[in-house]
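Visitor: Chains as they are written, first to last, in our numbering: chain H, 214 to 491; chain S, 258 to 467.
Even glycine gets a Cβ: it sits at the ideal position worked out from N, Cα and C.
Model, not experiment: these values are computed from the prediction.
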Amino acid sequence: MLPDPLPAQSLLAGDVPGISRASAWPHEISRDWALGGSTGAGVKVCVLDSGVDPNHPVVGGIEEAVVVESDDEGTPFVREDGESGDLFGHGTACAGIIRKIAPDCEIASCRVLGTDNRGNGAIMAAGLKWAIESGYRVINMSLSTTRHDLSALLHDLVDDAWYRRTVIFASAHNRSVTSYPWRFSSVFSVGSHEEEDPLSFYSNPDPPVEFFAKGVDLEVAWLNGATISSAGNSFATAHLSGIAALVLSRHPDLSSNELKNVLHLISDNTEVSTEVPT
Amino acid sequence: MSMNPNEAVTAGVMAGEDAHGELLESIVVVARAFFDAKAASITLLDEKAGELVFEAVSGEGSDTLPGTRFPADSGVAGFVASAGQSLVLDDVSKDPRFARDLAEGTGYVPKALIAAPLLRGEDVLGVLSVLDRNDETRFGLKQMGLLELFAHQAACAVGVVQAARDARGSLDGGGEMAAISRLAGNLAGADQERREAALRLIDALADLTS
Chain H
214 MLPDPLPAQS LLAGDVPGIS RASAWPHEIS RDWALGGSTG AGVKVCVLDS GVDPNHPVVG
274 GIEEAVVVES DDEGTPFVRE DGESGDLFGH GTACAGIIRK IAPDCEIASC RVLGTDNRGN
334 GAIMAAGLKW AIESGYRVIN MSLSTTRHDL SALLHDLVDD AWYRRTVIFA SAHNRSVTSY
394 PWRFSSVFSV GSHEEEDPLS FYSNPDPPVE FFAKGVDLEV AWLNGATISS AGNSFATAHL
454 SGIAALVLSR HPDLSSNELK NVLHLISDNT EVSTEVPT
Chain S
258 MSMNPNEAVT AGVMAGEDAH GELLESIVVV ARAFFDAKAA SITLLDEKAG ELVFEAVSGE
318 GSDTLPGTRF PADSGVAGFV ASAGQSLVLD DVSKDPRFAR DLAEGTGYVP KALIAAPLLR
378 GEDVLGVLSV LDRNDETRFG LKQMGLLELF AHQAACAVGV VQAARDARGS LDGGGEMAAI
438 SRLAGNLAGA DQERREAALR LIDALADLTS
């Protein structure tokens with residue numbers, strides 16, 4: 214009797230393709246190895262938000278802008294955004310933070326806020342799908358949806374992104390709000406800390422919020438070329454997106470899993486302990 | 258004579274509306290006092306109109322703002338309602354459009370504000386905002402967390418009233434509940450003999466449809 218055929222996902226050992234790496238993992242992952250000297254060059258970052266003002270001096274231009282809207286039947290669609298820029302200022306603020314940290318990265322805007330409050334969960338999901346399929350390496354989404362009916366779709370999308378090496382940085386809710394997609398493990402979820410250094414961040418030993426980045430006392434870009442003082446997890450998320458762009462610029466072959474490990478290992482509160490845990 | 262179901266629900270909704278209004282007023286008064294701020298307000302989202310409506314205001318604007326509306330796709334409160342994310346802003350007057358819009362719309366231009374969404378289940382119901390601390394200290398993460406607690410209270414109050422309004426709406430509509438409500442109203446005014454006969458008929462209908 215013949216054995217059952219192997220499932221399509223299986224490979225015989227000799228058929229497993231090799232993986233070539235641009236650099237070897239060092240014995241100890243240091244900040245200098247991870248991002249020293251990096252400017253974010255070559256890394257494409259998509260800001261999923263209220264749009265981005267491409268003319269704001271802090272943002273310094275963007276590569277692409279699209280907007281997601283609903284048709285008459287409520288089905289989201291994506292079109293080029295030639296004129297609206299940013300409706301609220303928030304997306305410009307996030308883009309400005311990313312630009313300050315990773316000055317040479319390529320920034321795109323996918324506007325998913327502002328047109329239709331009722332449909333914004335579906336519009337956000339459609340924007341996320343567009344950004345993943347467009348091949349952006351980093352997606353900054355300082356927003357979430359509380360719509361449970363979208364959680365399965367968002368879960369599928371962020372898992373798909375994870376395997377495509379698209380890393381998604383999403384703001385966590387401070388309060389115990391059930392919202393998505395930040396709580397999924399294939400997302401890099403971010404809360405705030407109150408320290409000054411924009412490159413300082415912490416790895417949370419008690420997820421689902423996985424990282425804390427700078428989120429207070431910020432001068433952020435806003436509408437009409439202005440800068441204003443602000444705070445919030447939204448901007449902490451943009452900080453870590455920028456830091457990820459720095460790492461991926463130096464180490465473009467990192468998988469999503471490897472990047473999360475690197476960020477964990479170079480976070481400010483991770484250290485080698487000689488004490489054996491009990 | 259006892260109230261019919263329609264009247265009873267209406268009375269309940271009206272009482273709920275009053276208590277809801279008082280509770281929202283109380284929340285903005287307490288929030289303003291707690292943060293030692295010049296103003297606090299709750300705006301509720303009118304989805305059909307695509308607008309935010311001032312529902313309760315304490316401090317600056319309390320005599321003029323309640324009931325006024327502004328588009329939900331602009332401004333800081335619009336962002337908070339749209340994104341469901343809290344936001345802290347200082348020196349907002351640096352943004353000339355922001356300052357002008359607020360000045361024209363409310364007569365008061367804040368320097369700093371903190372805003373949190375009213376989240377209830379899957380919905381954003383509105384926004385709780387606090388403007389300008391009297392000692393001019395900055396709003397930070399701690400204040401944002403506290404404001405979110407107040408916003409949760411407000412969302413619970415709004416959620417209860419909206420559920421009551423939905424119940425009232427179902428009695429006024431053209432569906433089964435409206436028909437049953439009309440029947441119950443007629444029964445409440447009928448004499449004993451007709452009432453007992455009607456109840457036997459209703460029992461028979463219940464058997465038939467079970």
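Would you tell me roughly how many angstroms separate the C-alpha atoms of Glu421(H) and Ser405(H), rounded to the nearest one?
Guide: First, the residue type needs correcting, since residue 421(H) is Pro and not Glu in the sequence shown. Taking the straight line joining both Cα atoms gives about 14 Å.
Visitor: Name the chain S residues that come within less than 7 Å of Val390(H), Cβ to Cβ?
Guide: Here the neighbours are Leu376.
Visitor: Contact check, Glu308(S) vs Phe327(S) under 8 Å by CB: the rounded distance?
Guide: Rounded, the Cβ-Cβ distance is 6 Å, consistent with contact.
Visitor: Does Glu405(S) have its Cβ less than 8 Å from a Cβ in chain H?
Guide: Yes, because at least one Cβ of chain H sits closer than 8 Å to the Cβ of Glu405(S).
Visitor: Taking 8 Å as the CB-CB cut-off, is Ser386(S) touching chain H?
Guide: For Ser386(S), the answer is no, since every Cβ of chain H falls outside 8 Å of its Cβ.
Visitor: To the nearest angstrom, how far is it from the Cα of Glu241(H) to the Cα of Ser468(H)?
Guide: Answer to the nearest angstrom: the Cα atoms are 18 Å apart.
Visitor: Which residues, taken in chain order from the stretch 435-464 of chain H, show a beta carbon closer than 8 Å to some beta carbon of chain S?
Guide: Those residues of the stretch 435-464 of chain H that come within reach of chain S (Cβ to Cβ, closer than 8 Å) are Trp435, Leu436, Asn437, Ala439, Thr440, Ile441, Ser442, Ser443, Ala444, Gly445, Asn446, Ser447.
Visitor: Between His303(H) and chain S, is the shortest Cβ-Cβ distance under 8 Å, so that the two count as touching?
Guide: Interface residue, yes.
Visitor: Any beta carbon of chain H sitting closer than 8 Å to that of Glu379(S)?
Guide: Chain H contact via Cβ: present.
Visitor: Within the 8 Å Cβ cut-off, does Gly341(S) reach chain H?
Guide: Taking Cβ atoms only, chain H reaches closer than 8 Å to Gly341(S), which makes this a yes.
Visitor: With a 10 Å radius around its C-beta and 16 neighbouring C-beta atoms as the bar for buried, classify Arg463(H) as buried or exposed.
Guide: Counting Cβ neighbours within 10 Å, Arg463(H) comes out buried, since at least 16 surround it.
Visitor: Looking only at its chain, what residues have a beta carbon closer than 8 Å to the beta carbon of Leu370(H), apart from the 5 residues adjacent to it on each side?
Guide: Hits under 8 Å: Ala338, Leu341, Lys342, Ile345, Pro394.
Visitor: Around the Cβ of Ile232(H), are there at least 16 other Cβ atoms within 10 angstroms (buried) or fewer (exposed)?
Guide: Its Cβ having fewer than 16 others within 10 Å, Ile232(H) is exposed.
Visitor: With a threshold of 8 Å between beta-carbons, can Leu366(H) be considered close to chain S, or not?
Guide: Answer no: the Cβ-Cβ gap between Leu366(H) and chain S never drops below 8 Å.
Visitor: Nearest chain H C-beta to Phe291(S) closer than 8 Å, yes or no?
Guide: By this cut-off, Phe291(S) is not an interface position.
Visitor: Taking buried to mean at least 16 other C-beta atoms within 10 Å of its own C-beta, is Ser386(S) buried or exposed?
Guide: Buried, since its Cβ has 16 or more Cβ neighbours within 10 Å.
Visitor: Applying the 10 Å Cβ sphere with the 16-neighbour rule, what's the burial state of Thr358(H)?
Guide: Answer is buried; the Cβ neighbour count reaches 16.
Visitor: In chain order, which continuous runs of the beta strand (DSSP E) of length 3 or greater are located wholly inside the stretch 307-357 of chain S?
Guide: List check, beta strand (DSSP E) in window: 308-316, 326-328, 344-347.
Visitor: What distance in whole Å lies between the Cβ atoms of Ser263(H) and Leu363(H), which are believed to be in contact at a cut-off of 8 Å?
Guide: At roughly 19 Å, the Cβ-Cβ gap does not stay under 8 Å, so Leu363(H) and Ser263(H) are not in contact.
Visitor: Does DSSP put Phe382(H) in a helix, a strand or coil?
Guide: Strand, per DSSP.
Visitor: Give me, in chain order, the residues of the same chain whose beta-carbon lies closer than 7 Å to that of Ile310(H); leave out the 5 immediate sequence neighbours on both sides.
Guide: Cβ neighbours of Ile310(H) beyond the five flanking positions: Val433, Phe448, Ala451, His452, Gly455.
Visitor: CB-CB under 8 Å to Asn391(S), same chain, minus the five flanking residues each way: which ones, in chain order?
Guide: The residues are Asp293, Ala294, Lys295.
Visitor: Can you tell me which of the three DSSP states Asp287(H) falls into?
Guide: Note on identity: in this sequence residue 287(H) is Gly, with Asp being the wrong assignment. Gly287(H): coil per DSSP, three-state reduction.
Visitor: Using a Cβ-Cβ cut-off of 8 Å (strictly less than) and excluding sequence neighbours within five positions of Ala313(S), which residues of its own chain qualify?
Guide: So the qualifying residues of the chain are Gly278, Leu281, Glu282, Ile284, Val285, Ser298, Ile299, Pro323.
Visitor: Just the chain S side, please: which residues come within less than 9 Å of His269(H) by C-beta, in chain order?
Guide: None at all; the shortest Cβ gap to chain S is about 11 Å.
Visitor: What is the DSSP secondary structure of Gly278(S), counted as helix, strand or coil?
Guide: Reduced to three states, the DSSP call for Gly278(S) is helix.
Visitor: For a cutoff of 8 Å on Cβ pairs, would you count Glu407(H) as touching chain S?
Guide: With 8 Å as the cut-off, Glu407(H) counts as an interface residue toward chain S.
Visitor: How far does the alpha helix (DSSP H) with Tyr376(H) in it extend, from its first residue to its last?
Guide: Its alpha helix (DSSP H) spans residues 364-376.
Visitor: What first and last residue would you give for the alpha helix (DSSP H) that runs through Asp317(H)?
Guide: Taken as a continuous stretch (DSSP letters only), Asp317(H) belongs to no alpha helix (DSSP H), as it is neither H nor E.
Visitor: Closer than 8 Å, CB to CB, is Val345(S) near chain H or not?
Guide: So, interface residue.
Visitor: Mapping the DSSP letters down to three states, classify Glu393(S) as helix, strand or coil.
Guide: Coil at Glu393(S), not helix or strand.
Visitor: Using the rule of at least 16 other Cβ atoms within 10 Å of the residue's Cβ for burial, across every protein chain shown, is Asp466(H) buried or exposed?
Guide: Per the 10 Å Cβ criterion, exposed.
Visitor: Which same chain residues end up closer than 8 Å to Asp430(H) when comparing Cβ atoms and leaving out the 5 residues on each side of it in sequence?
Guide: Cβ neighbours of Asp430(H) beyond the five flanking positions: Glu407, Glu409, Ser442, Ala444.
Visitor: Does the beta carbon of Leu398(S) come closer than 8 Å to any beta carbon on chain H?
Guide: It does; some Cβ of chain H falls within 8 Å.
Visitor: Work out the CA separation of Leu376(S) and Val258(H) for me, nearest whole Å.
Guide: Cα-Cα distance, rounded: 30 Å.
Visitor: Under 9 Å Cβ-Cβ, which residues of chain H neighbour Asp423(S)?
Guide: Those within 9 Å of Asp423(S) in chain H number zero; the least Cβ separation is about 17 Å.
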